[in-house]
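Before any comments, here is the structure.
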Amino acid sequence: MSNRDLLDRLRGVWRRRAGADLAGTVAGGLAVLWAVAAAMLLVWPGNRGLGDTIFYVTVPIAVLLPLALAWVGITVGRAARHSAAALARLTRTLDAIERRAGVAPAQPDTPDLSARLDRIADTQRKIEATLARLAATRADRPAPAASAPAAPQRAAADTAQPALGIDAPQEAPALGIDDLIAALQFPVDPQDRAGFRALRRALQDRSAAQVVTSAQDVLTLLSQDGIYMDDLPPDAVDPALWRRFARGERGPAIAGIGAIREEAALDKARRRMRGDTIFRDTCHHFLRLFDRTLAGMEPQADDAQIARLANTRTARAFMLLGRVAGTFD
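So the sequence shown is residues 1 to 329, counted in the UniProt record's numbering.
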C-alpha cells in the first residue's frame, strides 16, 4: 500500500470520527432537553397524585440519564478531536516524505569512474583473449618429427665435420628484463600495443608465463571485491631493500616491502583469504612465483628496473597479498 492510499484511508477514518463528534454534540443537546422535560414533569401541578413510587422512580432517571448521555457525548467528541489532531500531524509527515521522495534526484554514477571501470574491463577481456589465443596456438603446434636414421655413408661422412645444427628446432629468444617488467604491468588500455607485445613475448617464456598468468588470476579475483591496483599507489621503497628480499632476507628489517597501506583493501583481502579456499591457494601460488621471478631477475636488473618493477600492478598485488599473508613479518 502506498503512502497516498494509507492517507486516504486515514482521512475516511477521520470523517467517521468527525461524525462521531457530531453525534456526541447531538447527544448532549438531547440530554439537556431531557433534563428540561423532567423538570417540567416534576413541577407541573397535579402530578403528585401519581404516587410516591412513580415519583421516586422518575427522579433518578430524569437526573442520571441526561448526565450519562452528556458524558458519552463529551468522551466521543474528545476522542474525535485527538484523532483529528493526530491525523493532521500524520498528514503533514507523509506529505513531507512524499515531497522529499519526489524531489530528491537519484545520484548518477560518476562519469570518470564509469569510464575508468569500462577501460579496465575492456583491457582485462583483451588480455584474457590474448592468453587464450596463445594457449591455443601452443596446443595446435605439431611436435617436431623424429629425424630418420642417417645412411651409413652419410654418417661416416658427417664424422669428418662438426654438426651445424641446421635441423635443430629454433627456440624463442630470451626474454629481456624490460619486457618482463612491461608484461607484469599488463597493458594500460586496449590501445597499448607495446604492452600487448611485451605480454606476448612473456607468454612465450615458460617461467615468465607462469607468473604472468598467476598474476592475472589474482588481479581478476581481487577485482571481484572492488580492489584495483591502479587505486593502490605504494610507498617508495629503496631498491636495495628489494634486493635484500630477493636474496632471501626476511623479518622486520624488510617489512617496508609491504608498501600498500590502504586499510579498506587490506581488510577485504584478509576476509577473502580467510573465507575462500580457492582465493587463498591462488594467492599463495602467486606469492611463490613472484618471489622466484624476483630472485631470478635481481642479479641482472639495475636499480631503475627494480624501481619500475615495484610499481607494476603485479608487484602491488604482491605487496598487498604479502602483507595479508604475513610474508613480510
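The beta-carbon is built from N, C-alpha and C at its ideal position, and this holds for glycine as well.
*Would you kindly check if the distance between the Cβ of arginine 316 and the Cβ of leucine 203 is under 8 Å?*
no
*Leaving aside the five residues before and after arginine 243 along the sequence, list all residues of the same chain whose C-beta is less than 8 Å from its C-beta, in chain order.*
Glu298 and Ile306
*Is it true that the CB of aspartate 225 sits closer than 8 Å to the CB of lysine 268?*
yes
*Run through DSSP, which three-state label would leucine 267 get?*
Correcting the residue identity first, residue 267 is aspartate in this sequence and not leucine. Reduced to three states, the DSSP call for aspartate 267 is helix.
*glycine 195 to alanine 301 span [Cα, whole Å]*: So the alpha carbons of these two residues sit roughly 20 Å apart.
*Report back the beta-carbon spacing between leucine 184 and alanine 215 to the nearest angstrom; my notes put them in contact at under 8 Å.*
7 Å
*Which two residues bound the contiguous alpha helix (DSSP H) that contains phenylalanine 196?*
193 to 203
*asked:* Within the continuous alpha helix (DSSP H) that includes aspartate 303, where are the two ends?
replied: 303 to 310
_isoleucine 74 versus alanine 68: straight-line alpha-carbon distance, rounded_ = 10 Å
*Supposed contact pair isoleucine 260 and methionine 319 - C-beta distance, whole angstroms, cut 8 Å*: Under the criterion of beta carbons closer than 8 Å, methionine 319 and isoleucine 260 qualify as touching, at roughly 5 Å.
*Identify whether isoleucine 181 lies in helix, strand or coil by the three-state DSSP scheme.*
helix
*Who are the Cβ neighbours of aspartate 329 in its own chain at under 8 Å, not counting the five residues just before and after it?*
Gly251, Pro252 and Ala255
*Leaving out five residues on either side along the sequence, give the residues of the same chain with a beta carbon under 7 Å from the beta carbon of leucine 180.*
Cβ neighbours of leucine 180 beyond the five flanking positions: Ala202, Ala208 and Met297.
_Whole-angstrom distance between aspartate 192 and glycine 248, CA atom to CA atom_ = 35 Å
_Whole angstroms are fine: how far does the CA of threonine 314 sit from the CA of aspartate 235?_
15 Å
_Does the distance between the C-beta of glycine 29 and the nearest non-hydrogen atom of the ligand SAM fall short of 7 Å?_
You won't find the ligand SAM in this model; it holds no ligand whatsoever.
*Between the Cα of arginine 210 and the Cα atoms of Ala264, Arg292, Arg280 and Arg271, which residue gives the shortest distance?*
Checking the displayed sequence, the identity of residue 210 turns out to be glutamine instead of arginine. When each option's Cα is compared against that of glutamine 210, the closest is Arg292.
_Buried versus exposed call for proline 105 [16 or more other C-beta atoms within 10 Å across all chains shown]_ = Bear in mind that a pLDDT of 44 at proline 105, under 50, signals an unreliable position, so the model cannot answer this.
*Under the assumption that cysteine 283 contacts alanine 325 (Cβ atoms under 8 Å), give the Cβ distance between them as a whole number of angstroms.*
7 Å
*Could you tell me the distance, in whole angstroms, from the CA atom of phenylalanine 286 to the CA atom of valine 218?*
7 Å
*Given a threshold of 16 other Cβ atoms within 10 Å of its Cβ, counted over all protein chains shown, does alanine 174 qualify as buried or as exposed?*
Exposed: under 16 other Cβ atoms inside 10 Å.
*asked:* Considering Cα atoms alone, identify which of Leu321, Asp205, Thr327 and Val72 is closest to phenylalanine 279.
replied: Minimum Cα distance to phenylalanine 279 is reached at Leu321.
*Using the Cα positions of arginine 206 and arginine 200, report the straight-line distance between them to the nearest angstrom.*
12 Å
*Span separating the alpha-carbon of leucine 64 from that of valine 76*: 18 Å
*asked:* The alpha helix (DSSP H) that contains leucine 221, what's its start and end?
replied: 206 to 224
*asked:* Measuring only the C-alpha atoms, how far is alanine 304 from glycine 258?
replied: 19 Å
_Does threonine 327 pass the burial test, meaning 16 or more other C-beta atoms within 10 Å, or should it be called exposed?_
buried
*asked:* Just to check my reading of the structure: leucine 294 and alanine 240 have Cβ atoms closer than 8 Å, yes? What is that Cβ distance to the nearest angstrom?
replied: The beta-carbon separation of leucine 294 and alanine 240, rounded to 14 Å, does not stay under the 8 Å limit for a contact.
*Quick one: using the 10 Å Cβ neighbour count with 16 as the cut-off for buried, is threonine 312 buried or exposed?*
buried
*What residue range is occupied by the uninterrupted alpha helix (DSSP H) comprising phenylalanine 286?*
277 to 297
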